[in-house]
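In order, the protein sequences belong to chains D and F.
So that you can map any letter, position 97 of the first sequence is 124 in the numbering used here, and since no number is skipped, the others follow by simple counting.
So that you can map any letter, position 182 of the second sequence is 209 in the numbering used here, and since no number is skipped, the others follow by simple counting.
There are 2 protein chains.
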Amino acid sequence: MVESKILVVDDDINICELIEVYLMKEGYKVYKANDGESALKIFKEKQVDLILLDIMMPKMDGYSVLKEIRRESQIPVIMLTAKGETFDKVLGLELGADDYMVKPFEPKELVARIRAVLRRYKPLSQKRVIEYTDLVIDPDSYIVMYKGNKIEMPPKEFDLLYFLASNPNKVYTRDQLLYEVWGYDYPGDSRTVDVHVKRVREKLMENEEWQIKTVWGVGYKFEVK
Amino acid sequence: MVESKILVVDDDINICELIEVYLMKEGYKVYKANDGESALKIFKEKQVDLILLDIMMPKMDGYSVLKEIRRESQIPVIMLTAKGETFDKVLGLELGADDYMVKPFEPKELVARIRAVLRRYKPLSQKRVIEYTDLVIDPDSYIVMYKGNKIEMPPKEFDLLYFLASNPNKVYTRDQLLYEVWGYDYPGDSRTVDVHVKRVREKLMENEEWQIKTVWGVGYKFEVK
DNA sequence: AAAATTTTTAATAATGTGTGAATTTAATTT
DNA sequence: AAATTAAATTCACACATTATTAAAAATTTT
Chain D
28 MVESKILVVD DDINICELIE VYLMKEGYKV YKANDGESAL KIFKEKQVDL
78 ILLDIMMPKM DGYSVLKEIR RESQIPVIML TAKGETFDKV LGLELGADDY
128 MVKPFEPKEL VARIRAVLRR YKPLSQKRVI EYTDLVIDPD SYIVMYKGNK
178 IEMPPKEFDL LYFLASNPNK VYTRDQLLYE VWGYDYPGDS RTVDVHVKRV
228 REKLMENEEW QIKTVWGVGY KFEVK
Chain F
28 MVESKILVVD DDINICELIE VYLMKEGYKV YKANDGESAL KIFKEKQVDL
78 ILLDIMMPKM DGYSVLKEIR RESQIPVIML TAKGETFDKV LGLELGADDY
128 MVKPFEPKEL VARIRAVLRR YKPLSQKRVI EYTDLVIDPD SYIVMYKGNK
178 IEMPPKEFDL LYFLASNPNK VYTRDQLLYE VWGYDYPGDS RTVDVHVKRV
228 REKLMENEEW QIKTVWGVGY KFEVK
């Protein structure tokens with residue numbers, strides 16, 4: 028599963044780094060920003076999955092940042108507030124924060140909240156069953172049925188097939204596939220795609236109605252007759 | 028999973044709406060009532076699964092509403108009471124309240140308690156015996172019958188099995204299982220799930236028709252042939 | 001306090017993934 | 001049409017990740 032990317036926004040550099048250490052330990056990718064403006068910049072540039080947003084910041088406060096973000100995205104946001112600060116719950120809620128935490132907090136609790144929020148948010152990209160003749164790809168059960176038989180498939184192969192099959196007849200370059208299936212900043216070689224295509228192909232054999240076709244000099248597509 | 032329906036009863040409209048926002052975010056369906064009488068009306072009309080009940084209300088107070096509800100239903104009720112108000116715990120308990128919260132409260136604490144209460148007293152409508160070949164899982168008696176024999180199972184293992192078996196063929200990540208079976212804010216490690224799966228498996232041995240299957244790189248599912 | 005259950009830890013086992021090099025295929029040039 | 005070049009395929013193995021398990025530690029229940 029592709030790790031989630033989290034943007035941490037706090038004017039206190041130490042807090043940022045502390046949080047970073049914990050989140051990295053949990054396998055998250057972390058971006059940091061120390062003020063509202065650079066937060067928005069990173070938010071626009073990177074495809075982050077969740078934002079931890081401190082409220083009290085010089086120049087642009089957390090509420091303003093949140094308001095700005097909400098103009099274009101429903102990305103999950105957890106507000107951070109120092110004990111004693113008056114945190115206007117209602118305001119945060121109305122602006123669309125998903126949760127909030129009072130500093131200082133237990134790292135474990137932070138991680139739990141992040142997981143809960145991400146879990147809640149993810150189903151939004153409702154995955155659906157894809158069907159063609161002799162082929163059913165069901166992301167709920169993670170099963171591929173080919174000519175009535177269950178085909179076991181490791182996650183990467185499944186994701187690749189699922190992605191291609193959900194966009195039939197559209198060609199993707201290897202780089203596009205790496206981006207879509209492997210993740211936004213996957214550093215690896217594009218040969219990797221070839222190998223996975225091969226593995227999917229040998230599990231799905233030749234077929235009349237559809238196949239993963241090579242578009243020479245360009246990439247691959249899931250072609251349907 | 029079918030979302031639970033919650034009735035929020037408070038004479039303060041703002042509080043009602045605040046709670047509504049939070050609960051909707053958690054995926055609950057929310058009904059609101061601002062006095063005892065309309066609360067009872069909704070309670071009778073809709074099949075709600077849990078009631079949040081403010082005590083101090085004009086006309087008919089929370090105790091009276093609870094008393095009325097208890098004449099015909101064991102539905103879980105969480106009492107709400109403002110700080111400073113004299114709240115008679117004993118009375119609330121005697122009348123059969125399941126829990127109570129003092130306002131102002133942390134929304135996430137409210138959610139945690141709701142989940143806890145619902146897990147304990149799953150509404151009768153949703154609580155059902157699950158049956159497969161050679162397997163009966165009865166949530167009323169907390170008993171698992173496997174090939175005609177009673178299988179003793181500690182609560183966590185039972186809950187895990189029950190959850191998986193009530194959603195056959197659907198894969199859940201470890202995090203999802205922690206969220207669904209362990210609870211909203213469980214901070215623990217996801218290896219915990221593995222261990223429980225192992226224990227359930229060794230009690231239920233190999234079986235042709237169904238099994239708890241590992242979906243490599245993803246999670247677990249209760250697979251049925 | 002003892003027993004039962006749950007959680008954590010850590011070592012081991014199982015499985016999946018990515019890479020370079022060799023090979024094959026396709027397009028282009030001569 | 002043969003030779004050349006570029007791209008795609010394939011292989012196999014090292015490496016990485018994930019799952020399983022046993023056992024110890026912590027917690028809860030009795």
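For every residue, glycine included, the Cβ atom is placed at its ideal position computed from N, Cα and C.
Source: prediction; values computed, not measured.
Linking Ile141 (chain D) to Pro214 (chain D) through their CA atoms gives a straight-line distance of about 26 Å. Taking 7 Å as the cut-off between beta carbons, the residues of the stretch 206-237 of chain F near chain D are Tyr206, Tyr211, Asp212, Tyr213, Pro214, in sequence order. Under the Cβ distance rule, Val104 (chain F) does not count among the residues neighbouring chain D, no pair being separated by less than 8 Å. Inclusion of Glu236 (chain F) and Lys252 (chain F) in the CB contact set at 8 Å is warranted, their separation being smaller than that value. Between the alpha carbons of Glu158 (chain F) and Ile164 (chain F) lies a distance of about 6 Å.
Val171 (chain D) sits in a strand when the DSSP states are folded into three classes. Beta-bridge analysis with DSSP links Asp212 (chain F) to no other residue. The C-beta of Ser168 (chain D) comes closer than 8 Å to at least one C-beta of chain F. Uninterrupted beta strand (DSSP E) stretches at least 3 residues long and entirely within the stretch 58-140 of chain D occur at 77-81, 104-109, 126-130, given in chain order.
The straight-line gap separating the alpha-carbon atoms of Gln74 (chain D) and Gln101 (chain D) is approximately 13 Å. Against Pro182 (chain D), the close residues of chain F are Val242, Trp243, Gly244, Val245, in the order they occur along the chain (beta-carbon pairs closer than 9 Å). Shown here, Asn196 (chain F) sits in coil according to DSSP, grouped into three states, outside any helix or strand. Spanning the alpha carbons of Ala139 (chain D) and Asp126 (chain D) requires a straight line of approximately 12 Å. The Cβ atoms of Leu80 (chain F) and Leu107 (chain F) lie closer than 8 Å to each other. Contact of Asp81 (chain D) with chain F is not assigned, every C-beta pair being separated by 8 Å or more. At least 8 Å separates the CB of Lys248 (chain D) from every CB of chain F.
Closest option to Met84 (chain F), judged by alpha-carbon separation, among F:Ala60, F:Val171, F:Ile69: F:Ala60. The three-state secondary structure of Asp221 (chain D), taken from DSSP, is helix. For Val251 (chain F), the enclosing beta strand (DSSP E) stretches over residues 246-251. DSSP, read as helix, strand or coil, puts Tyr49 (chain D) in helix.
What Val171 (chain D) touches in chain F, judged by beta-carbon distance under 8 Å, is nothing: the nearest beta carbon there is about 12 Å away.
Here DSSP, grouped into helix, strand and coil, assigns Val35 (chain D) to strand.
Closer than 8 Å to the CB of Ala139 (chain D) there is at least one CB belonging to chain F. Look at Arg142 (chain D): its C-beta is under 8 Å from a C-beta on chain F. Looking at D:Glu179, D:Glu136, D:Lys248, D:Tyr58, the one whose alpha-carbon comes closest to that of Pro195 (chain D) is D:Lys248.
The continuous beta strand (DSSP E) containing Leu162 (chain D) extends over residues 162-165. Judged by beta-carbon spacing, Ile96 (chain D) lies beyond the 8 Å limit of Asp88 (chain D), meaning their Cβ atoms are not closer than that value. Taking C-alpha positions only, Pro181 (chain D) is separated from Leu188 (chain D) by approximately 11 Å. Linking Lys56 (chain F) to Val198 (chain F) through their CA atoms gives a straight-line distance of about 25 Å. In this chain, Arg155 (chain F) is not harboured by any alpha helix (DSSP H), its DSSP state being neither H nor E. Between the alpha carbons of Glu47 (chain F) and Val35 (chain F) lies a distance of about 8 Å. For the 8 Å CB-CB criterion, Lys230 (chain F) and Ile178 (chain F) form a contact.
Bounds of the beta strand (DSSP E) holding Asn176 (chain D) are 176-178. No Cβ of chain F is located within less than 8 Å of the beta carbon of Lys154 (chain D). Contact of Lys135 (chain D) with chain F is assigned, a C-beta pair being separated by under 8 Å. Closest by C-alpha distance to Lys86 (chain D), out of D:Leu205, D:Thr160, D:Glu53, D:Asp37, is D:Asp37.
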